[in-house]
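Under full-length UniProt numbering, the letters of the sequence shown match residues 1 to 817, in that order. Quick notes on the structure that follows.
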Amino acid sequence: MFLTEAEEMLEHHNTHTSNIVLIGDFNIQFDQPQNTDTRQTMDLLDCHDLKQHVDAPTRKTHIIDWIVTHESTDLVYDILLNDYLRSDHSAVLFSLKMAKPSKQKKRVVRRNLKEVNTDTFRAEAARRLLDPPVSSDPVRHYDSTLSTLLDEHAPAKTKLIIDRPSAPWITAEVKYAKQLRRRAERKSRTSKLVVDRQIYNKQKEHVQTLIADAKQSHYSTKICETTSAKTLFSTMNDLLGCSSASPLPNNIDPSKLSQAFSDYFHNKIQTIRDKLDKIPHQNSETPPAFTGTPFTHVQPLTLTDLEKVLKEMTLKTCDLDPLPTQLYSDCLPELLPSILKIINTSLQTGTVPNSFKTAIVKPLLKKPSLDPNTLSNYRPVSNLSFISKLLERVVLKQLNSHLLCNNLLSPLQSAYRPHHSTETALLKITNDLLLATDQAEISAVALLDLSAAFDTVDHNILLQRLQHTFGIHSTALSWFSSYLTDRYQTVSIDKLNSDPIRLECGVPQGSVLGPVLFTLYTQPLDHILDRHNVLHHSFADDSQLHNSSSPDQSESLLSSISDTITDVQNWMTENKLQLNSNKTEAILIGTTSKLSKATSDSLQLSDSSVPLSSAVKNLGVTLDNTLSMKQHISSVSRTCYFQLRRIATIRKYLTTDATAKLVTSTILSRLDYCNSLLAGLPSSSISRLQRIQNSSARLVLRKKKRDHITPLLNQLHWLPVPARITYKINTLTYKCLHGLAPAYLSDSLSLYVPSRTLRSSADSLKLNIPHTKLKTAGQRSFSFQAPSQWNTLPLPLRQQQSLESFKSALKTFLFSK
Numbered sequence: 001m002f003l004t005e006a007e008e009m010l011e012h013h014n015t016h017t018s019n020i021v022l023i024g025d026f027n028i029q030f031d032q033p034q035n036t037d038t039r040q041t042m043d044l045l046d047c048h049d050l051k052q053h054v055d056a057p058t059r060k061t062h063i064i065d066w067i068v069t070h071e072s073t074d075l076v077y078d079i080l081l082n083d084y085l086r087s088d089h090s091a092v093l094f095s096l097k098m099a100k101p102s103k104q105k106k107r108v109v110r111r112n113l114k115e116v117n118t119d120t121f122r123a124e125a126a127r128r129l130l131d132p133p134v135s136s137d138p139v140r141h142y143d144s145t146l147s148t149l150l151d152e153h154a155p156a157k158t159k160l161i162i163d164r165p166s167a168p169w170i171t172a173e174v175k176y177a178k179q180l181r182r183r184a185e186r187k188s189r190t191s192k193l194v195v196d197r198q199i200y201n202k203q204k205e206h207v208q209t210l211i212a213d214a215k216q217s218h219y220s221t222k223i224c225e226t227t228s229a230k231t232l233f234s235t236m237n238d239l240l241g242c243s244s245a246s247p248l249p250n251n252i253d254p255s256k257l258s259q260a261f262s263d264y265f266h267n268k269i270q271t272i273r274d275k276l277d278k279i280p281h282q283n284s285e286t287p288p289a290f291t292g293t294p295f296t297h298v299q300p301l302t303l304t305d306l307e308k309v310l311k312e313m314t315l316k317t318c319d320l321d322p323l324p325t326q327l328y329s330d331c332l333p334e335l336l337p338s339i340l341k342i343i344n345t346s347l348q349t350g351t352v353p354n355s356f357k358t359a360i361v362k363p364l365l366k367k368p369s370l371d372p373n374t375l376s377n378y379r380p381v382s383n384l385s386f387i388s389k390l391l392e393r394v395v396l397k398q399l400n401s402h403l404l405c406n407n408l409l410s411p412l413q414s415a416y417r418p419h420h421s422t423e424t425a426l427l428k429i430t431n432d433l434l435l436a437t438d439q440a441e442i443s444a445v446a447l448l449d450l451s452a453a454f455d456t457v458d459h460n461i462l463l464q465r466l467q468h469t470f471g472i473h474s475t476a477l478s479w480f481s482s483y484l485t486d487r488y489q490t491v492s493i494d495k496l497n498s499d500p501i502r503l504e505c506g507v508p509q510g511s512v513l514g515p516v517l518f519t520l521y522t523q524p525l526d527h528i529l530d531r532h533n534v535l536h537h538s539f540a541d542d543s544q545l546h547n548s549s550s551p552d553q554s555e556s557l558l559s560s561i562s563d564t565i566t567d568v569q570n571w572m573t574e575n576k577l578q579l580n581s582n583k584t585e586a587i588l589i590g591t592t593s594k595l596s597k598a599t600s601d602s603l604q605l606s607d608s609s610v611p612l613s614s615a616v617k618n619l620g621v622t623l624d625n626t627l628s629m630k631q632h633i634s635s636v637s638r639t640c641y642f643q644l645r646r647i648a649t650i651r652k653y654l655t656t657d658a659t660a661k662l663v664t665s666t667i668l669s670r671l672d673y674c675n676s677l678l679a680g681l682p683s684s685s686i687s688r689l690q691r692i693q694n695s696s697a698r699l700v701l702r703k704k705k706r707d708h709i710t711p712l713l714n715q716l717h718w719l720p721v722p723a724r725i726t727y728k729i730n731t732l733t734y735k736c737l738h739g740l741a742p743a744y745l746s747d748s749l750s751l752y753v754p755s756r757t758l759r760s761s762a763d764s765l766k767l768n769i770p771h772t773k774l775k776t777a778g779q780r781s782f783s784f785q786a787p788s789q790w791n792t793l794p795l796p797l798r799q800q801q802s803l804e805s806f807k808s809a810l811k812t813f814l815f816s817k
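In structure tokens form, the structure reads like this:
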């Protein structure tokens, strides 16, 4: 009863309170994690993003007096225990951070774009770009013309400002009402009359009402109109007064910070390369040579082709672009002829303009929980000019067409490919693991981690591989060679730039082509893994190896995985990639009884020993050693309640439609991410996620916690969590049957063929349900769940001709149930 009531209380406060401090004598021994009450209570706190801070005994030898706050805040500090009271409990003293942060001054460079006459600017841009000098570089002429024009219409001005929260919602009416409020306040203080005080109070209430209405109108309109998830999160942070920028170190002089980051990123890559060069290696086998029609040149575009490519892109500029995004959007029709000329010149000559090979690097903290004062906790993300990314996208479309036509892509690489995703990759892996568990086997899984994978790619090896393995020759190969060579990067922080550094290796993170080139670079690994008969799957630089055996052969199983990783490491060394043994993870997966018979507790590598974990995080999903998904559900719950609490704080400024869109983007998207892995779990596990959805619905519609939830979900047209899982499984099944899913999923399904011809079996599109032994293993696999759920659908639904019509009819069917 305590746990039930505590969960109801926490769910209520997550939609009404921004911060929580729970204090008191819980009478549960925090220092005894094996105790059932303690474990269940800590699981409950963990799901709600709560942390217990007292770490010393408060009564005799046990911690039973707790201080609990949200883990994502640093609200509590200086916790002290004292025994000066006449009590068998220690006094627990602590401090709360309640003070407002001090306002900081900063120097900014701004342009007043509101004063720019768009029509005049567009006409002038079209005139100046129309007739470039014959001998001029088209890219340089384009950049200099637009930069000069921008300086003429909106010159940059440097100002020293106080960093205050922005208030874009303030209107002229609000400003005038605030002036009247200030006058009334002065008059009431001077006259001391009751009537003047009443006038002031009335005007103050009127201002508060106007501000609330203005905020609601501004932010609700902005949220409802936005189509970008990034813009949506930025709007939410504006309302909350939070900065969406990645934190930066505060232990380094700001004027030297960009150079410090630049030196660190450069030295890190140089250290890795020097280390790899000193390791002796044997030449690995050469992949088979390409025998199809070679990819010799990239076709130039027409203006119509360019417009189609632009529609697929998000218009976003960086510091390297001559115009900000707002003016780019307004002037794009006038700029397209010049952009088309620049792109076609590059494709026809097989060269990439030098200005396109310069990147502005922004350091990004890898995880919010990491120390921002440690440079190794940051990764470099390259910002490239808009036209350079447009050029890369044009090349990528034709490169992908060549790779698909010649069947050159690895069947078990799921990154940057149509119909492939992290969910399909994880579904394939967990399907294999669950089927192995159903056969009374245990599975060993190793997750490989690379150090600065994208940044250490060797250009010469990559170009040889593009030519030999993927059939890229002539002008096309020259273009890729030009793209990779003579690249430079500069770290930029608050408009302060480091010295440019020439990149001798690597593909830029943040580019369009970089990730795809990396997957082609590492494709020969498939031959090594296939030779060892180890099951594997990759998503960009994330690689998973796994194999299964009986529990009494666990040592042999881990040994085979270890031998495979040794060969993988040798290949990586030869190809200038470094396997990070410290971050490589391993886990044994099976039933509890079978795992207890395993005799090994670590995976031995050539240079280290990797202890077996009880849970690992793979592509955003936490997999525990029995695949119960409990830790993943706890992680999702923690994140969702954190976001729910943030939305509750600003709910008064949002309309119902805006709140629903915000909840859909920040909470329901997390409930839906890889939810196909939850198929077949008991309702007790899914109910925790259902309570999150219930709380979200009550927040959107402003309902009380005792209001019946089914009418609310119907009003919002939200399927409950179990139905959302069913929806995802059936949608994936439809895709498998119609060539819209990876082959590794489609191959796990087969149409049901009766032993004799029946009239009822004609065009039934039923699937064969495999025989399984365990409800908690084989019956949770995709190869069992997909046909089981698919066969229960009405025949007209299974016979839908398009994916969109199927999804619409499926949702209607599930709502009817």
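For glycine and all other residues, C-beta sits at the position ideal for the given N, C-alpha and C.
Quick one: grab the DSSP three-state call for residue i.
i    : result
D144 : According to the sequence shown, residue 144 is Ser rather than Asp. The answer is helix: DSSP assigns S144 an H, G or I state.
A786 : helix
P138 : helix
N618 : strand
D78  : strand
F290 : coil
E504 : coil
I589 : strand
N547 : strand
L668 : helix
K114 : helix
L45  : helix
N533 : coil
H459 : helix
D542 : strand
L579 : strand
What are the boundary residues of the alpha helix (DSSP H) that includes residue i?
i    : result
S95  : Note, S95: premise wrong, no alpha helix (DSSP H); beta strand (DSSP E) at 91-96.
Q398 : 386-405
E8   : 2-14
Which two residues bound the contiguous beta strand (DSSP E) that contains residue i?
i    : result
T69  : 65-70
T158 : 157-162
T573 : No beta strand (DSSP E) contains T573, which is instead part of the alpha helix (DSSP H) from 554-574.
I494 : One point to set straight first is that residue 494 is Asp, not Ile, in the sequence displayed. Segment: none, D494 is in no beta strand (DSSP E) and carries neither H nor E.
L447 : 442-448
N383 : 378-383
L603 : 602-604
P770 : Taken as a continuous stretch (DSSP letters only), P770 belongs to no beta strand (DSSP E), as it is neither H nor E.
G24  : 21-25
P611 : 609-613
Q52  : 50-52
Have a look at the options and flag the residue whose alpha-carbon is nearest the alpha-carbon of residue i.
i           : options                : result
I269        : E504, L320, L795, L130 : E504
S421        : Q398, Y673, K157, E11  : Y673
V610        : D601, N618, R698       : D601
V445        : I528, I561, F356       : I561
E152        : L113, Q179, T171       : L113
residue 818 : D567, K178, Q489       : In the structure as shown, the chain begins at 1 and stops at 817. Residue 818 is therefore absent and cannot be evaluated.
F290        : T469, A723, D607       : T469
Our contact map puts residue i next to residue j with C-beta atoms below 8 Å; I'd like the distance itself, whole angstroms only.
i    : j    : result
R111 : A56  : Not confirmed; about 56 Å, so no contact.
R424 : S414 : Strictly speaking, residue 424 in this sequence is Thr, with Arg absent from that position. Between S414 and T424 the Cβ distance is about 6 Å, and since that is below 8 Å, they are a contact.
S543 : L448 : 4 Å
F806 : Y734 : 5 Å
A453 : D541 : 4 Å
A679 : L716 : Rounded, the Cβ-Cβ distance is 23 Å, inconsistent with contact.
Is residue i near the ligand SAH, with its Cβ less than 7 Å from a heavy atom?
i    : result
L403 : With respect to the ligand SAH, the structure shown offers nothing to examine, as it has no ligands at all.
inquiry  = For a minimum of 3 consecutive residues, which ranges assigned as the beta strand (DSSP E) are wholly contained in the segment 304-363?
reply    = none
task = Run through the segment 789-817 for me and flag every whole alpha helix (DSSP H) of 4 or more residues, listed as ranges in chain order.
result = 795-798, 803-816
ask   = Where in the segment 658-702 do unbroken runs of the alpha helix (DSSP H), each at least 4 residues long, occur, reported from the N-terminal end onward?
value = 669-672, 683-701
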